[in-house]
Amino acid sequence: MSTTRTPRTAARRSRSRALALPTALAVAVLLPGCVSNAAPEEESAEAAAAPAAGSGNDAPGDEVVIGFTAPAADHGWMAAVSTAAVAEADGYEDVELRQAEGTNDVGLQISQVETFINEGVDAIVLLPVDGAALTPIALRAMEEGIPVINVDREFSSPFAARSTVLGDNYGMGVSAGTYICEQLGDQPDAVVAEVAGIDSLPLTQDRSQGFADALADCGLDVDNRVAAEFTVESGEAVTANLLQAAPEIDALWNHDDDQGVGVLAAIEAAGRDEFIMVGGAGSANVMRDIQEGGSVVQATVVYPSTQAADGIRLARLIAQGKGLSDLVENEVPRSMTLYAPVVTAENVDDYLPMAFES
Amino acid sequence: MPAEPSTAPPAPRPAAGAPLLRCTGLVKAFPGVRALDGVDLEVLPGEVHCLLGQNGAGKSTLIKVLAGAHAPDEGELVWRGEPVRVTTPQAAIDLGIGTIYQELDLVDGLTVADNVELGQERSRAGLSRRREARQRASALLARLGHPEISPSAEVGSLPAAAQQVVSMARALSRDVQLMIMDEPSAVLDSGEVERLFAVVRELTAQGVAVVYISHRLEEVREIGDRITVLKDGRTVASSLDVRDTPTHEVIRLMTGRSVENVFPPRPAPVEDAAPVLSVRDLARRGEFTGVSFDVRAGEVVGLAGLVGAGRSEIVETVYGARRATSGVVEVDGRPLRPGDVAGAVRAGVGLCPEERKSQGLVLGESVVRNISLSSLGRFARGGLVDRGRERAAADEQVAALDVRPRDPERPAGDLSGGNQQKVLLGRWLLRGCRVLLLDEPTRGVDVGARSELYALVRALADSGVAVVVVSSEIEEVLGLSDRVLVVADGEVVHQGPAGELDEHRVLDLVMQGGGARRGSRASTSSPGTSAPPGPTAPPSTTAPGPGAPTTHGSAA
Amino acid sequence: MSVSSSSSTTAQPGAALGLPEPSPEPGASGGRRRAGLLSGSAGRSAGLVLALLVLCAVGALTAGERFASVDNLVTVLRAAAVVGIVAVGMTFVITGGGIDLSVGGLVALSSVWATTLATQALAADLHWGVMVFTALAVGTAAGFVNGVVISYGRVVAFIATLAMLVASRGLAEIIAGRRTQIIDGVPGFADFFGASVLGVPVLVLVFGLVAAAGWVLLNRTTFGRRTFAVGGNPEAARLAGIRVQRHTLMLYTLSGLTCGIAAVMLMARTTTGSSTHGTLLELEAIAAVVIGGTLLAGGRGTITGTVLGVLIFTTLTNVFVLNNLSTSVQAVASGAVIVGAVLLQQRVAGRASSGSGRH
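Chains as they are written, first to last, in the numbering used here: chain A, 1 to 358; chain B, 359 to 914; chain C, 915 to 1273.
Given below as structure tokens:
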């Protein structure tokens, strides 16, 4: 569990010290970092790194060097992706990970991949800033004989990656929509609202499409839709307006649990609880809310933050010339689309360890 | 005024033919002001037609109407016998009307050649033909007697006089039939004025008409053929022959009254009073050294010298606007911190700077706020300004100084030069200074307003203020001051009572110069300094001038 | 506005033409002052008021009671609070001839610093005011740094505050470890800022107080007067004895303080501190200020206009969402409304202030 949630422990400690007010203020103002917020990462990372049992793939093999580059971790989910990937690599003695500094600069990421090529790494796990822009350099790596594992954002050429691991954005929408259909049952007039992420991104469009398609299946549609920017602030701002637009809501899907903190703040401020809310991506905060109950959040749809970790595993196997031991095939598959499961009070305990801290 | 002051032969009389331009009943109203209220003007081909009037009389507005910058509300323009409407500057240019504005309309960041070509750039396949442009600019500059100005120099880096020349070159580069010159000589020295006149004569000889505006009646006499006088937006006299109109008559027409005494009389000197302002060995590297002088309460001390001699630098350093390298400035015996304007103001020093618009006034703010700017604390309780008291105090100054228009809520930028100067004086009157520094107090101020300002300065001194006056017009310094410091090349070369000096003596002192800064490019700017050796009046306590009966403050 | 123009047009010509003037009646100056006040605030902003009314009419017509309800009004005002408070500070900086691009970063930094575990622990221990104090202190201090760099270091404001924007957001990311810091276990904080006084939420109340204080400060105090002078002509202000550098320093510090206040508002609204708070806030604030009629070049500024500008923006978003418009349509309409509001403002303001000859 994250220490972010339990400042009371720290509070008790400092109370026993009985600090005088001026000193205390000075501590608060001058030393923000003295109680680090960075601690909880390891817990969840370890949990994620625990190798699954019963697979022959974990047996140590040839030493391999894997290069890993991903966008800047300016968002809880993205931070979790990198953390999980690094933890995964740490779990294998035969893997040496070269991690490039996270960046949102396409040019910089290209040069990072160039460096990997020059160093002659055995495989590259690449979560591109922009799939199309990184395709040429990935093609070059492949031509040089270095297998590239493409994660999350797809290249524009099928030849640019040996294997591709994708989350299922469309599937997220479908899972959320199907869940809401189940909950609302046979109510064709039910009001469904949607808080999307950044509207110009294809992933947002895919999620919304899946959501709309699944709802249509049970005769529902999205009555009110707003788009936020994956930030807490924007989530709060758009939801405040959304709640005015729709005085009665039956179900609400929020694409992203990071902005969901703001969405929930707006719901609480408006004193609304007549509807069920479904989250998106699967942050630890939301899962804890689901676990505890009593919140409007009844479920969240996971967009796995462990996909780069999966990429690391695949890269290791490909570099070592192994196949997936649970499959009949001799080789690692060309592509994999991860499932977007719905997490509810019933199965939250299974998913909480893999959840990311926003 | 001598009958034949001009040293050059008069320009050939234009054949009295059809007028080139005739305006009748021009009216132009701005919100709250009728800037033109029935103006008539008739210009003949080949003549120099002088437009006279006090600041605010409507001269600038009339020019803008002629240049197409303002559309008149009423009235008729007849160009070569045809009624025309000049609605855009381009339309005016197309007709053949060229304008040289007083506020230079040059682009600082472009080269001389680019500025000359501005608006009529010639290009081939979209590429400007820079070498040709430079050659054309060179030719024009040479014709204006300024071959030394490089066509590839950046305009912003040129001195004001050179910029004026560039502006003229631009107007000349077009095929003009009427050239309007708004105070072209204001920033020129006498040699440059002579060259300007040569150009004007050359133009008129070719049949081009020139509308010439100047506050210097001397110049009008030398170059002009006919005079039209504006007052309060109306033509009060049109097309008078320069030769037949005596100067006092012109002044009477401009001011509506006859001006007898330009300078107020000096009271007897009070030698024993303790100095209010005391400057000791003040120096600023590269500008001036070893400046020491005292100013007593009630005394007016003038700083005379050429432009660039360091006069403005001295007063600005006394004020703290420039930080002194060494030396002491004391007010009432207490030293001022160098480079601390706010400290100087608190000690009771005020400055009316040389550049009213860029250094003195917040042009977008009202007259009230400009007047109260340095005394805000007095109207504030707990930081809140009592606007009633502020307004009342400003009203008092506006009334006492006779600021026109009488509306103190009007932005200061709308006022004429003389009235802007009064607003600045009002600021310091309201604050109540011990020491008042006036840098070029009458630049751009017309005759009537000048004598008002002189009287104000004297009244201030009489009330116990120590006044320092800087002026490029030696006559003004001599007439206004009790004591005069002559500054040359960054040194004070002479100090003494004004009554013991005359213009020639001052010029001698200036020419001998100081040794502080060799090679500085000082230039004369006083038209009086280089006036043709006419009969100069003996030193007198009132206006000394070339034979004239003390009637012309500005026309020395 | 008609009062001001008529009184001046009748008063002017006589004075300008040097005709014998009627002796100034005592009532005239009083009337003039009242007219000045009108044209100074409401009059000069009449176009914006009109634009806002049009927006409200559109909202009421298209969304009916959902728009014209107290709840919705409160929602709009709450939404306006954060950007509004920052825009008030921005009005001072811009009127004083500067620009502050760092506000978004300062809000993020203040919110993060005030919600670290250490600060939260201390706040839980002593009083939730510790968090408020921390946010204000951090914002003010960062604004002070801006001011020192700009006025004494003579770095161009655009560059200095741009650097601060980047640096402060980076520092916020470091402190927060790129996490969203949830405020939890600080008794009283959420209660205080979530409460309402006579039906007015505290957040809206704070916004109102900041705006009112800003109006008084700008229009009625020596500080405000000097701000106009410094922005209108810094050299003239200096030569009039105003300490221009110190004043500039104070302007940026003030802007930093408003960022701190805005950070508290944002913490209360979202129950979090985050390095992503205040993203693009600088653009929203500057846009609101400029639309409000403050001159980007300095020397002229209006708090009333700024508040109206902010309200126009937030009402616009509200009306869009109530009508369930897509974000692309919103973007197009926003652009059109901004230009429309400014055009309307210029027309009406031009007529209103023609008497005072301002352009």
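Virtual Cβ for every residue (Gly too), placed ideally from N, Cα, C.
Go to P633 of chain B, then tell me how far its alpha helix (DSSP H) extends in each direction, as first and last residue. For the purposes of this step, residue 633 of chain B is identified with residue 275 of the second sequence, where counting begins at 1. No alpha helix (DSSP H) holds P633 of chain B; the beta strand (DSSP E) holding it covers P633 to R642.
Excluding the five sequence neighbours on either side, which residues of its own chain have a C-beta within less than 6 Å of the C-beta of E688 of chain B, listed in chain order? Here residue 688 of chain B refers to the residue found at position 330 when the second sequence is read from its first residue. Cβ neighbours of E688 of chain B beyond the five flanking positions: S636.
Determine the direct distance from the alpha carbon of R492 of chain B to that of V1002 of chain C, and round the result to whole angstroms. Mapped onto the third sequence, residue 1002 of chain C falls at position 88. Mapped onto the second sequence, residue 492 of chain B falls at position 134. Cα to Cα, the separation comes out at about 51 Å.
Going by DSSP, what residue range makes up the beta strand (DSSP E) through D213 of chain A? Translated into the one-based positions of the first sequence, residue 213 of chain A becomes position 213. Run containing D213 of chain A: none in the beta strand (DSSP E); it sits in the alpha helix (DSSP H), P202 to D217.
Report buried or exposed for L967 of chain C, applying the criterion of at least 16 other Cβ atoms within 10 angstroms of its Cβ. Looking up residue 967 of chain C in the third sequence gives position 53. That one is exposed.
Taking 8 Å as the threshold, find out whether the region 382-397 of chain B comes into contact with the region 565-581 of chain B through three or more Cβ pairs. no
CB L409 of chain B to CB G433 of chain B, shorter than 9 Å? Start at 1 with the first residue of the second sequence, and residue 409 of chain B comes out as number 51. Start at 1 with the first residue of the second sequence, and residue 433 of chain B comes out as number 75. Contact: no.
Using only alpha-carbon positions, find the residue among B:L783, B:T647 and B:T683 that is nearest to A846 of chain B. For the purposes of this step, residue 846 of chain B is taken as the residue at position 488 of the second sequence. Looking at the Cα atoms, B:T647 is the closest of the given residues.
Can you confirm whether E1087 of chain C, when its beta carbon is compared against all beta carbons of chain B, has any partner nearer than 9 Å? Against the third sequence, residue 1087 of chain C aligns to sequence position 173. Not an interface residue.
Identify whether W1129 of chain C lies in helix, strand or coil by the three-state DSSP scheme. Here residue 1129 of chain C is taken as the residue at index 215 of the third sequence, counted from 1. W1129 of chain C: helix per DSSP, three-state reduction.
Over what stretch of residues does the beta strand (DSSP E) that includes L598 of chain B continue unbroken? As a working mapping, residue 598 of chain B is identified with position 240 in the second sequence. First-last of the beta strand (DSSP E) with L598 of chain B: R592 to D599.
Every unbroken alpha helix (DSSP H) inside the region 105-146 of chain A [4 residues or more]: 106-119 and 131-143
If you scan the region 65-103 of chain A from start to end, which runs of the alpha helix (DSSP H) of 4 or more residues do you find wholly inside it? 76-90
Expressed to the nearest angstrom, what Euclidean distance is found between the alpha-carbon atoms of L930 of chain B and P505 of chain B? Lying before the first or after the last residue shown, residue 930 of chain B is absent from chain B, which here runs from 359 to 914.
Within its chain, find whatever has a CB closer than 7 Å to the CB of L1085 of chain C; leave out the 5 residues flanking it on each side and keep chain order. To locate residue 1085 of chain C, count along the third sequence from 1; it is residue 171. Taken in chain order, the residues that qualify are L1023.
Just to confirm, is the Cβ distance from A319 of chain A to P147 of chain A under 9 Å? Within the first sequence, numbered from 1, the residue matching residue 319 of chain A stands at position 319. Within the first sequence, numbered from 1, the residue matching residue 147 of chain A stands at position 147. Contact: yes.
Using the Cα positions of G1067 of chain C and D466 of chain B, report the straight-line distance between them to the nearest angstrom. Here residue 1067 of chain C refers to the residue found at position 153 of the third sequence. Here residue 466 of chain B refers to the residue found at position 108 of the second sequence. Rounded to whole angstroms, G1067 of chain C to D466 of chain B spans 27 Å at the Cα level.
Relative to the ligand NAP, is the shortest distance from any of its heavy atoms to the C-beta of V192 of chain A smaller than 8 Å? This structure does not include the ligand NAP; it has no bound ligands of any sort.
My output table needs one value for T1185 of chain C: the three-state DSSP class, helix, strand or coil. Residue 1185 of chain C sits at position 271 when you count from the first residue of the third sequence. Residue state, collapsed to three classes: coil.
Out of C:V1114, C:T1141, C:G1170 and C:D1098, point me to the one whose CA is closest to G864 of chain C's CA. Residue coverage of chain C in this structure runs from 915 to 1273, which leaves residue 864 of chain C outside it and unanswerable.
Going residue by residue through the region 1112-1162 of chain C, where are the continuous alpha helix (DSSP H) segments of at least 4 residues, counting only ones entirely within it? 1116-1134, 1136-1146 and 1148-1153
According to DSSP, is T365 of chain B part of a helix, a strand, or is it coil? Here residue 365 of chain B is taken as the residue at index 7 of the second sequence, counted from 1. Its pLDDT being 43, under 50, T365 of chain B is placed unreliably in this model, and the value from its coordinates should be taken loosely. Coil.
Using a Cβ cut-off of 9 Å (strictly closer), state whether G235 of chain A contacts chain C. Mapped onto the first sequence, residue 235 of chain A falls at position 235. Closer than 9 Å to some Cβ of chain C, the Cβ of G235 of chain A qualifies, so yes.
First through last residue of the alpha helix (DSSP H) which encompasses Y170 of chain A: Translated into the one-based positions of the first sequence, residue 170 of chain A becomes position 170. Here the alpha helix (DSSP H) through Y170 of chain A covers N169 to L184.
In chain A, what lies closer than 7 Å to V1118 of chain C by C-beta? Reading the third sequence from its first residue, position 204 is the one you call residue 1118 of chain C. What V1118 of chain C touches in chain A: nothing, since even the nearest Cβ is about 12 Å away.
Can you tell which of C:N986, C:V1000 and C:V1059 has its C-alpha closest to the C-alpha of L1197 of chain C? Translated into the one-based positions of the third sequence, residue 1197 of chain C becomes position 283. The residue with the shortest Cα to Cα distance from L1197 of chain C is C:V1000.
Under 9 Å between C-beta atoms, does E723 of chain B make it to chain C? What you label residue 723 of chain B is simply residue 365 of the second sequence in a count that begins at 1. True, the Cβ-Cβ gap to chain C drops below 9 Å.
Under 7 Å from the C-beta of V296 of chain A: neighbouring residues of chain C: Here the question's residue 296 of chain A lines up with position 296 in the first sequence. Those within 7 Å of V296 of chain A in chain C number zero; the least Cβ separation is about 15 Å.
Measure the CB-CB distance between V723 of chain B and P766 of chain B and report whether it falls below 9 Å. Taking the first residue of the second sequence as 1, we reach residue 723 of chain B at position 365. Taking the first residue of the second sequence as 1, we reach residue 766 of chain B at position 408. With the sequence shown as reference, residue 723 of chain B is identified as Glu, and Val is not the correct amino acid for it. Cβ distance not < 9 Å, so E723 of chain B and P766 of chain B don't count as in contact.
Own chain, CB closer than 7 Å to A903 of chain C, minus 5 neighbours either side, in chain order: Past the boundaries of the shown model lies residue 903 of chain C; chain C is included only from 915 to 1273, so the question cannot be answered.
Indicate the three-state DSSP secondary structure (helix, strand or coil) for L338 of chain A in the structure shown. As a working mapping, residue 338 of chain A is identified with position 338 in the first sequence. Of the three classes helix, strand and coil, the one that applies to L338 of chain A here is coil, per DSSP.
Check whether the Cβ atoms of G740 of chain B and A758 of chain B sit closer than 9 Å, and answer yes or no. Within the second sequence, the letter at position 382 stands for residue 740 of chain B. Within the second sequence, the letter at position 400 stands for residue 758 of chain B. Not a contact, by the Cβ cut-off of 9 Å.
Grouping DSSP H, G and I as helix and E and B as strand, with all else coil, what is C1173 of chain C? Along the third sequence, one-based indexing puts residue 1173 of chain C at 259. Of the three classes helix, strand and coil, the one that applies to C1173 of chain C here is helix, per DSSP.
Flag E1149 of chain C as yes if its beta-carbon sits less than 9 Å from any beta-carbon of chain B, otherwise no. The residue you call residue 1149 of chain C lines up with position 235 of the third sequence. At least one chain B Cβ lies under 9 Å of E1149 of chain C.
So with Cβ pairs under 9 Å, would you call G945 of chain C a contact of chain B? Position 31 of the third sequence, counting from 1, holds the residue named residue 945 of chain C. Unreliable positioning characterises G945 of chain C in this predicted model, as indicated by a pLDDT of 37, which lies under 50. The coordinate reading is nonetheless provided below. It does not; no Cβ of chain B falls within 9 Å.
Touching or not, the region 217-228 of chain A and the region 275-283 of chain A, by the rule of three or more beta carbon pairs under 8 Å? no
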